[in-house]
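So the protein sequences, as listed, match chains A and B. By our numbering, the letter at position 22 of the first sequence is numbered 371, and the numbering carries on one by one without gaps. By our numbering, the letter at position 116 of the second sequence is numbered 465, and the numbering carries on one by one without gaps. Glycine included, each C-beta is placed from N, C-alpha and C at the ideal position. Worksheet: one structure, shown below.
Number of protein chains: 2
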Amino acid sequence: MRMTIIGLGLIGGSLGLALKKNKLEGLEVIGHDKDHEVAGKAQRRGAVDRAEWNLPRAVEKANIVVVATPVQAIGEVLGQIAPHLEPGVVVTDTGSTKAQVMAWARERLPDTVSFVGGHPMAGKETPGIEAADAGLFTGCTYCLVPDQRATEEAVKAIVAMVQIIGAKHLFVDAQEHDGLVAAVSHLPLVVSAALVTATASSPAWRELARLAASGYRDVTRLASGDPVMGRDICLTNRDNLLRWLDTYVEQLRHYRQWLQEANGEALGKALTQARDARDRWLANTDVETPPVEVGSFQETLSAMFMGDRLARRLSRIEKASKDRK
Amino acid sequence: MRMTIIGLGLIGGSLGLALKKNKLEGLEVIGHDKDHEVAGKAQRRGAVDRAEWNLPRAVEKANIVVVATPVQAIGEVLGQIAPHLEPGVVVTDTGSTKAQVMAWARERLPDTVSFVGGHPMAGKETPGIEAADAGLFTGCTYCLVPDQRATEEAVKAIVAMVQIIGAKHLFVDAQEHDGLVAAVSHLPLVVSAALVTATASSPAWRELARLAASGYRDVTRLASGDPVMGRDICLTNRDNLLRWLDTYVEQLRHYRQWLQEANGEALGKALTQARDARDRWLANTDVETPPVEVGSFQETLSAMFMGDRLARRLSRIEKASKDRK
């Protein structure tokens, strides 16, 4: 059983670490990164068993290929690996937008290969293999968008991978996914970065910086992410993000209006509603969502695809999550 | 030596805990809160030696009075305590805006009392005495705005208080302060709250909430603050905040424009500049700023005002920070 991770940044590296932590017998993880130094680091950190600098060779004999590069690079990578994938291989990605990625997969991958788009809703302030963390996906929602041509077994294999790294899978439609993440992931990125732009480009920035404290630090956190990844996310989800930016600016105008009118009542009400909505959301995300039924297919799948040891581990995970209910 | 803290929320409670942690001999901390239950909690948590429910009695025989209520209440509190303050008393506040507070102090306090406006640049997601923390002020910048009528000794006393709780004082003009915090503290609050309003008022909020993750959580953190405090801050710093909101919306329009044009170069450049500016800022805030010279006045001040034991403690703090240099 061989899995290849292409792109060994924060997400690819963390995926490798999370898989390796489970010491799955008979699973070999191959890593590839266009930056050889990054691939070397990933190997030294134990995120992959072996770094392979040649992309076609990296996917040779792989059962599962995970493309964890910035979104814009995914199309290119799919095109490059397509001729080297054996029939039956399962390909997935971790890109932040899905409609464009699904279109690339349909265009560029052969019919004999199953594509299951993926997007783990997890992140960190600091990008890169240095920040990779085996626990990054614990408890996170992991969106899955199976291509129409993907076999049932392929989908099950990716669900199994998601479960092993501690995440909760959620099947969504690509268009729906992109509309939703535009609001809760991409809009916050622009909101955060624009706040830094507005303050750091001020002539008073030196003085502003002395007074900026934890509030500023938190609201601007997303501005410290990888700018290439950020740019790609925005460009591949342009229409949704434009729509949400307009919605956001409209809300800012309401706040501005209340301020202008010194309308303490409306302002207080809006702030109270925002606090209550956020606090309810926080309370709900703390609650363990009931594990989605994955049923007894795991044994079949794993025996077929991943070896008996993994099948036993999956059964244990499944049993433990049922016991918690 | 008696100090009275009026308003025992996150800031007032943390101030009490930070002072008490130092076990300053001969210092009695009296606490008052209009909510008797809060005052009782503060006493049980050890943030104050004694809760006094009657405001005039709470400031009786106090040497220092700290008003740590939401900004809008500060004017009223100053008016209520004014007739009960003995000559020579030092009054300070912890309000997030300073121009309005300084005007209230000038109008409402007698000439015999010294007012030194204060604003610790520290905060937390959760408000209230429950979240109070002796370490809240460690390393934070603490703005001080002495009134023209304040005596040198009064200013020194508040500087000493700031040092004891582990903060770094910074003298600023009230107008300058309000202009600066509008950008790095009040604008982030509105940016954060408006993001919750925009998303949580959407018909898709149920689905959005499932996908919202750590990025959304951080950017919206300030929306979970006390809405009364937030409203007061906005209203007492209206003109500055309006100006900064306009600057911010202008930057959002630039981002929107680049998106619309699919201008990856401009978008990538802006994101890179934002990341670099924030990373430089983070690196600088980590560096210990050299302690401001407080000189030998501490002995004089403390002997006069706070007793010999405090004087010795201050000398040790001063010596330790010099040794670090």
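Of all alpha-carbon atoms in Gly467(B), Val415(B) and Thr461(B), the one lying nearest the alpha-carbon of Lys447(B) is that of Gly467(B). Close CB contacts of Ile430(A) within its chain, under the 6 Å cut and outside five residues either way in sequence, are with Val408 (chain order).
Ala549(B) is the residue among Asn612(B), Ala632(B) and Ala549(B) whose C-alpha sits nearest the C-alpha of Trp630(A). Here Glu401(B) is buried, its C-beta having at least 16 other C-beta atoms within 10 Å. Residue pairing from DSSP places Met352(A) in a beta bridge opposite Val378(A) and Ile413(A).
In this chain, Thr487(B) is not harboured by any beta strand (DSSP E), its DSSP state being neither H nor E. The distance from the Cβ of Ala531(B) to that of Leu590(B) is about 5 Å, consistent with a contact at the 8 Å cut-off.
Between Ile355(A) and His381(A), the CB-CB gap stays under 8 Å. Distances from the CA of Glu479(B) to each of Gly395(B), Glu502(B) and Tyr604(B) were compared; the closest alpha carbon is that of Gly395(B).
DSSP places Ser463(B) in the strand class (E or B) of the three-state scheme. Distance check between Gln497(A) and each of Ala516(A), Thr475(A) and Asp522(A) places Asp522(A) closest, using alpha-carbon atoms only. Residue Ala422(B) holds the alpha-carbon nearest to the alpha-carbon of Met578(B) among Leu376(B), Ala422(B) and Asp482(B).
Listed as beta-bridge partners of Tyr565(B) by DSSP are no residues whatsoever. In the displayed model, Ala543(A) falls within a helix according to three-state DSSP. Only Cys492 from the stretch 491 to 503 of chain A bring a Cβ to less than 9 Å from some Cβ of chain B. A residue is called buried when at least 16 other Cβ atoms come within 10 angstroms of its Cβ; Arg580(B) meets this threshold and is buried. In the structure shown, Ala553(A) adopts coil according to DSSP, grouped into three states. A contact between stretches requires three or more CB pairs, one per stretch, nearer than 8 Å, and the stretch 369 to 380 of chain A fails this requirement with the stretch 456 to 475 of chain A.
Against chain B, the CB of Arg555(A) has no partner CB under 8 Å away; the residue lies outside that interface. Residue environment: Gly424(B) is assigned as buried (16 or more neighbouring CB atoms within 10 Å of its CB, all protein chains considered). For Trp630(A), the chain B residues whose Cβ falls inside 7 Å of its Cβ are Ala558 and Ala561, in order along the chain. A direct Cα-to-Cα measurement between Gly365(A) and Val416(A) gives close to 12 Å. For the options Tyr604(B), Leu608(B) and Thr353(B), the alpha carbon positioned closest to that of Asp442(B) is the one of Thr353(B). In its chain, beyond the 5 residues on either side, Thr461 have a beta carbon closer than 6 Å to the beta carbon of Pro436(B). Two segments are said to touch when three or more pairs of C-beta atoms, one from each, lie closer than 8 Å; by this definition the stretch 510 to 529 of chain B does not touch the stretch 553 to 572 of chain B. Pro476(A) carries a coil assignment under DSSP once its states are collapsed to helix, strand and coil.
By the 16-neighbour rule on beta-carbons within 10 angstroms, Asp588(A) is exposed.
Around the beta carbon of Glu614(B), fewer than 16 other beta carbons lie within 10 angstroms, which makes this residue exposed. Separation of the CB atoms of Ser363(A) and Ala481(A) is rounded to 4 Å, and the pair is thereby assigned contact status at 8 Å.
Approximately 19 Å separates the beta-carbon atoms of Tyr491(B) and Pro476(B); this is outside 8 Å, ruling out the contact.
Below 8 Å, too few C-beta pairs join the stretch 536 to 545 of chain A and the stretch 508 to 523 of chain A to call them touching: fewer than three. DSSP, reduced to helix, strand and coil, places Ala454(A) within a helical segment of the structure shown. Within the stretch 461 to 483 of chain B, Met470, Ala471 and Gly472 place their CB atoms closer than 7 Å to a CB of chain A, listed in sequence order. In this structure Pro552(A) is exposed. Its beta-carbon is surrounded by fewer than 16 other beta-carbon atoms within 10 angstroms. Counting only Cβ-Cβ distances below 9 Å, Leu376(B) has no contacts in chain A at all, with the closest Cβ about 27 Å away. The CB of Ala532(A) comes closer than 8 Å to the CB of Ala547, Thr548, Ser551, Ala553 and Leu557 in chain B, given here in chain order.
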